[in-house]
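Residue numbers for the sequence shown follow the working numbering, beginning at 2 and rising by one.
Some notes on the structure that comes next.
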Amino acid sequence: MAEAHQAVAFQFTVTPDGIDLQLSREVLKHIYLSGVTSWKKRAIRFKNGVLTGVYPASPSSWLIVVIAIMSTMYARIDPSMGMIDRIKTSLLFMTVQTQTVLSAILFATGLWLSFIFLLRYILKALLSYHSWIFESHGKMSFSTKVWLSLVKLLSGRRPLLYSFQASLPHLPVPSIDDTIRRYLESVRPLLDDEQYKQMEIVANDFKKDPAPKFQKHLKLKSWWATNYVSDWWEEYIYLRGRDPIMVNSNFYTMDLLYVIPTHRQAARAGNVVHAMLQYRRKLERGELTPLSALGIVPMCSFQYERMFNTTRIPDFVQHLKDRKHLVVYHRGRFFKVWLYYGGRHLWPSELELQFQRILDDKSEPQPGEIKLPATGVNQASLEAIETAAFFLTLDDEAHGYDSENTRSLDLYAKSLLHGKCYDRWFDKSFTLIVYKNGKIGVNTEHSWADSPIIGHMWEYVLATDCFHLGYTAEGHCKGDINKSLATPTRLQWDIPKAGIANDVDFHGCLFNEFGKGLIKKCRTSPDAFIQLALQLAHYRDKGEFCLTYESSMTRMFREGRTETVRSCTCESTAFVRAMEDESTTNEQRLALFKKAADKHQNMYRLAMTGAGIDRHLFCLYIVSKVMGIDSPFLKQVLSEPWRLSTSQTPQQQLNLIDIQKFPKYVGAGGGFGPVADDGYGVSYIIVGENLITFHISSKFSSPETDSFRFGQNIRQAMLDIKALFNLKEKKM
2 MAEAHQAVAF
12 QFTVTPDGID
22 LQLSREVLKH
32 IYLSGVTSWK
42 KRAIRFKNGV
52 LTGVYPASPS
62 SWLIVVIAIM
72 STMYARIDPS
82 MGMIDRIKTS
92 LLFMTVQTQT
102 VLSAILFATG
112 LWLSFIFLLR
122 YILKALLSYH
132 SWIFESHGKM
142 SFSTKVWLSL
152 VKLLSGRRPL
162 LYSFQASLPH
172 LPVPSIDDTI
182 RRYLESVRPL
192 LDDEQYKQME
202 IVANDFKKDP
212 APKFQKHLKL
222 KSWWATNYVS
232 DWWEEYIYLR
242 GRDPIMVNSN
252 FYTMDLLYVI
262 PTHRQAARAG
272 NVVHAMLQYR
282 RKLERGELTP
292 LSALGIVPMC
302 SFQYERMFNT
312 TRIPDFVQHL
322 KDRKHLVVYH
332 RGRFFKVWLY
342 YGGRHLWPSE
352 LELQFQRILD
362 DKSEPQPGEI
372 KLPATGVNQA
382 SLEAIETAAF
392 FLTLDDEAHG
402 YDSENTRSLD
412 LYAKSLLHGK
422 CYDRWFDKSF
432 TLIVYKNGKI
442 GVNTEHSWAD
452 SPIIGHMWEY
462 VLATDCFHLG
472 YTAEGHCKGD
482 INKSLATPTR
492 LQWDIPKAGI
502 ANDVDFHGCL
512 FNEFGKGLIK
522 KCRTSPDAFI
532 QLALQLAHYR
542 DKGEFCLTYE
552 SSMTRMFREG
562 RTETVRSCTC
572 ESTAFVRAME
582 DESTTNEQRL
592 ALFKKAADKH
602 QNMYRLAMTG
612 AGIDRHLFCL
622 YIVSKVMGID
632 SPFLKQVLSE
642 PWRLSTSQTP
652 QQQLNLIDIQ
662 KFPKYVGAGG
672 GFGPVADDGY
682 GVSYIIVGEN
692 LITFHISSKF
702 SSPETDSFRF
712 GQNIRQAMLD
722 IKALFNLKEK
732 KM
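Put into structure tokens, the structure is as follows:
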């Protein structure tokens, strides 16, 4: 065992003269290097903490202010209007000169801090301006140009990951009137006249009472808390749920679509784990550049904090710091692998050696020997997993996209989402899966963050793996091999299988007939185009419309996460009916499409700017439960099933890979399980200019759904909508 191996280096002998310590010089060297690394890490974190703490000012600006104040004093000018003299009187037991200098420094420091708070307040006020989102693409008003210039001026210094956190505005609480109006508007196409009239009565009764009481409490929370939604969303939607998270909550992310850099499983794992450790180091130091819209408007970065060293425990998320090991699963065995040696990260070649040792280990698992709730050494084994940096599965299957196998993406997706049910640790923040053919993927627990966050790390890892670390001609990791590393420590478990995975029906659909490039030529938002295609496909698939969920982000606000865009609208249903009505002309269909697309784009913008309705309704419901006041309206709203749940996977957040130059190095995106038993889950990624990948999920147990059939309907709907624009272009 690793502990025994290290203990050999420290020995002592009891002699008549006392205790004779025998210390290994090699161990002392490692202790010294670990200490140096630890203090260096603290120094860097302190420095970056100071840089973040004074942003948008800089530490050097303090010296400028001090020199300016001192200069005015020597010129016998008092810029403090007597404050320096008052400070001087409280400084006892000092010489007059020392009192003068120190009081001037204290005043200058106070002035400097006040200046920082003023800059932050101004920046927060500027970042509360959202009219730019609603302006037509390519057109910018004069007020927006002025606003953009001021934001650039105040955020000109290179920011660190958390530099903008204190300057981000709080998520606003929408008005009750707006939320009720938009809710009724969203359900109108799904209800007949009698049902809608009844819903209007219930909604208006709620608006009169008790909605105003609930709204007051939400307003109070929004003033007191950083974000009036996020903590309740994490607690009640994720942590208090008791359904299995394996399919119902966790989501997956795939490898590069066409490329496998090496077919050596241990080598690929070595490079990828090392790249993740590099990313973690940048993350812990706050050295990553925060994402921004327009390259100017910052996004909230708080979700990144719990990416590593994190485990979901019943009812809370446990986040630790400075975890130095990971746990690896292979063929029913669990191994603890140390990630550091002599105060540094293991090199990719060293990690490859460790993983190869696990792959070469022929020992068999011992089912029933260790139980999860047990104590003693078993509890220590459980703690090793829960305190690990992350979890790694060296899978004994081969997966990935194969153009000659139409089900390859489907099987790949199912493996990433649930595997064999016992070979992923679904409570860890994420599980890295490395297949025996070198393909990789990630299964992510959802409570700590949303998909763009893990996607950010994944883009960094794939680019680092392929373009910075690389492999030898034989497919091994580059670098020397240190064979003196302690071998991985074996852990053992007995985890029963679950039946939920067999019910998941997945289909991966590569749509390459056209992509973002052509859609933009139609002067339409690509997301709106796809959402309308999904509405058309769903109507053709089921013969009816349904409540549709599209995930939008609210990260322009501090600690913002997501909001819902209700994609099924009166405008979209009118367009779909026109597409299915042979008496309607293509010109009429095109006009209805543009109207529906504009409506969708406006709703997406409202959701991004804090004017969505679903998080507001959710929080009103929580308040009603806390106050013990029953609301038929809220109960009805929160019980409505989302039979079509959709999400777009962000692409090229970091722009580390030039996909124009390297078109084969594109990601395949990721997906999630269906939200409703009789519904569909659809995740899509817009890859470059000419490819859109759809990840479609449903349940075999539902006679109403078929993921492959729905994929074919999506493909045809995309082509049918494109034909409307082609016809117009020919007539022009």
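Note that CB positions come from ideal geometry on N, CA and C, so glycine has one too.
query, result
"Under 9 angstroms, do residue 353 and residue 457 count as touching if we go by C-beta distance?", "no"
"Assign residue 628 to one of three DSSP states: helix, strand, or coil.", "helix"
"If you draw a straight line from the C-alpha of residue 545 to the C-alpha of residue 653, how long is it?", "36 angstroms"
"What is the DSSP secondary structure of residue 648, counted as helix, strand or coil?", "strand"
"Using three-state DSSP, classify residue 183 as helix, strand or coil.", "helix"
"I'd like the span of the alpha helix (DSSP H) that includes residue 717, first residue to last.", "708-732"
"Residue 700 and residue 397: beta carbons closer than 9 angstroms?", "no"
"Am I right that residue 310 and residue 324 are in contact with their C-beta atoms under 8 angstroms? What's the rounded C-beta distance?", "4 angstroms"
"Please report how far the alpha carbon of residue 406 lies from the alpha carbon of residue 259, in whole angstroms.", "14 angstroms"
"Going by C-alpha to C-alpha distance, which of 660, 279 and 530 sits closest to residue 390?", "279"
"Cα separation between residue 470 and residue 484?", "21 angstroms"
"Starting from residue 310, trace the beta strand (DSSP E) both ways and give me its first and last residue.", "It is not in any beta strand (DSSP E) - residue 310 carries neither H nor E in the DSSP assignment."
"Counting C-beta neighbours from all protein chains within 10 Å, is the total for residue 267 16 or more, i.e. buried, or is it exposed?", "buried"
"Helix, strand or coil, according to DSSP, for residue 513 in the structure here?", "coil"
"Are any of the Cβ atoms in chain D nearer than 9 angstroms to that of residue 414?", "Absent here is chain D; the protein component of the structure consists of one chain."
"Identify the continuous alpha helix (DSSP H) that holds residue 558 and give its terminal residues.", "Residue 558 -> no alpha helix (DSSP H), and no H or E assigned at all."
"Let me confirm a value: residue 328 is counted as buried when at least 16 other C-beta atoms fall within 10 Å, else exposed. Which label applies?", "buried"
"Counting Cβ pairs, one atom from each stretch, are 3 or more of them under 8 angstroms apart for the segment 271-288 and the segment 38-56?", "yes"
"Measure the C-alpha to C-alpha separation of residue 255 and residue 668 and round it to an integer number of angstroms.", "7 angstroms"
"Do residue 110 and residue 74 have their C-beta atoms within less than 9 angstroms of each other?", "no"
"Should the segment 641-655 be called in touch with the segment 452-467, which here means at least 3 C-beta pairs below 8 angstroms?", "yes"
"For residue 517, is the classification buried or exposed, using 16 other Cβ atoms within 10 angstroms of its Cβ as the cut-off for buried?", "buried"
"So residue 558 and residue 171 are in contact, right, with Cβ under 8 angstroms, and what is the actual spacing, rounded?", "6 angstroms"
"By Cβ distance below 6 angstroms, which residues in the same chain neighbour residue 162 in space, the five residues on each side in sequence not counted?", "287, 289, 291 and 302"
"For residue 465, which residues in the same chain have their Cβ closer than 6 angstroms to its Cβ, ignoring the five residues on either side in sequence?", "276"
"Is the beta carbon of residue 439 closer than 9 angstroms to that of residue 349?", "no"
"Verify whether the separation of the beta carbon atoms of residue 249 and residue 445 is less than 9 angstroms.", "no"
"Can you tell which of 127, 176 and 144 has its C-alpha closest to the C-alpha of residue 155?", "127"
"Check whether the segment 588-597 and the segment 710-727 touch, using three or more Cβ-Cβ pairs below 8 angstroms as the test.", "yes"
"Spatial neighbours of residue 208 within its chain, please: C-beta separation below 8 angstroms, excluding the five flanking residues on both sides.", "177, 178 and 181"
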